[in-house]
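Encoded as structure tokens, the structure appears first; notes follow it.
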Amino acid sequence: MANPISMTIVVVVVLTALAAVVQVSEAVNYVVGDTTGWAVPSSSTFYTTWVNGKNFSLGDVLEFNFMTGQHDVATVSKTDYDACSIANAITNVTTGPYNYTINSNGPHYFICTFSNGGHCRSGQKLTISIGSSTEAASPGSPPTTPSSSPPPPPPPAGSSASPLAATLPLVFMTIALAFFY
Ligand SMILES: *[C@@H]1O[C@H](CO)[C@@H](O)[C@H](O)[C@H]1NC(C)=O
Ligand SMILES: *[C@@H]1O[C@H](CO)[C@@H](O)[C@H](O)[C@H]1NC(C)=O
Ligand SMILES: *[C@@H]1O[C@H](CO)[C@@H](O)[C@H](O)[C@H]1NC(C)=O
Ligand SMILES: [Cu+2]
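For the sequence shown, the positions run -27 to -1, 1 to 154 when mature numbering (1 follows the signal peptide of the UniProt record, and there is no 0) is used.
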């Protein structure tokens, strides 16, 4: 049987691994537009400004605060987002407030369909993507990446991409060691 010190080390390592996993998977709740909520904004760039610098992850929640009957939240394609076209909405939530859980990678496009797209054309539209402090794709702006810059180095193996996978071997190694000493 392993000695008490070894067992203590095992417990500490296991708890540390669990803490790392729990911390990473913690979902963030974002109130869309903060105190403005989900509304026709005073500036058409209001929601792109709101998104700036935010780093969304899978499982995070977008809280759309609006009065039922004054706005809605429709998910649409990029084309319909750009055009504020309401005809082909993918989903359409008409009851506020509404918590949208970010459940897939890639860009997400939201518009209000009220006034036949008029709210959207006035700026009540939101696009987010996962894992970056979004630069909303602006058609017409040329790519700014200098051609001479070297490619970014690849992330180290077993890095933050999968904390559970990264910490499990350490846990097993420690348990094994504990039984040898
Ligand atoms: C969304 O639902 C509202 C209320 O039912 C409706 O008036 C509106 O036309 C719908 N929009 C779309 C794009 O389906
Ligand atoms: C949305 O999430 C927030 C924070 O978790 C919660 O306070 C609120 O009640 C939720 N609203 C709805 C409509 O589920
Ligand atoms: C966004 O979050 C991811 C995962 O937590 C992280 O890897 C990435 O560096 C963050 N990006 C920015 C711009 O903060
Ligand atoms: Cu609206």
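Virtual Cβ for every residue (Gly too), placed ideally from N, Cα, C.
Other residues of its chain near residue i: CB distance less than 7 Å, five sequence neighbours each side excluded
i: T67; result: T41, D45
i: N65; result: D45, A47, T86
i: T(-20); result: Its pLDDT being 42, under 50, T(-20) is placed unreliably by the model, and nothing is read from it.
Rounded distance between the beta-carbons of residue j and residue i, thought under 8 Å
i: T86; j: I59; result: 4 Å
i: I101; j: N78; result: Wrong, their Cβ atoms sit about 11 Å apart, outside the cutoff.
i: D53; j: N61; result: 6 Å
i: G10; j: C57; result: Going by Cβ atoms, the distance from G10 to C57 rounds to 19 Å, so no, they are not a contact pair.
Per DSSP, cross-strand counterpart(s) of residue i
i: T74; result: V34
i: N61; result: Answer is none; N61 lacks a bridge partner.
i: L2; result: For the record, residue 2 in the displayed sequence is Asn; it is not Leu. Note: N2 sits in a beta bridge opposite V34.
i: V66; result: V46
i: K98; result: I84
i: N25; result: Partner(s): none; N25 has no beta bridge.
Contact test: residue i Cβ vs ligand 4 heavy atom, cutoff 8 Å
i: C57; result: no
i: S88; result: yes
i: D53; result: no
i: F19; result: no
i: F83; result: no
i: F39; result: yes
Status (buried if at least 16 other CB within 10 Å, exposed otherwise) for residue i
i: L35; result: buried
i: G6; result: buried
i: G32; result: exposed
i: A47; result: buried
i: V1; result: exposed
Own chain, CB closer than 8 Å to residue i, minus 5 neighbours either side, in chain order
i: T18; result: G96
i: I75; result: F29, S30, L31, G32, D33, V34, L35, H81, I101, I103
i: S16; result: T22, G96
Cutoff 6 Å; reference residue i; Cβ partners in own chain excluding five residues on either side
i: V13; result: H92, S95, Q97
i: N72; result: V34, E36
Residue i Cβ short of 8 Å to ligand 2 heavy atom set
i: N65; result: no
i: V34; result: yes
i: N78; result: no
i: P14; result: no
i: N61; result: no
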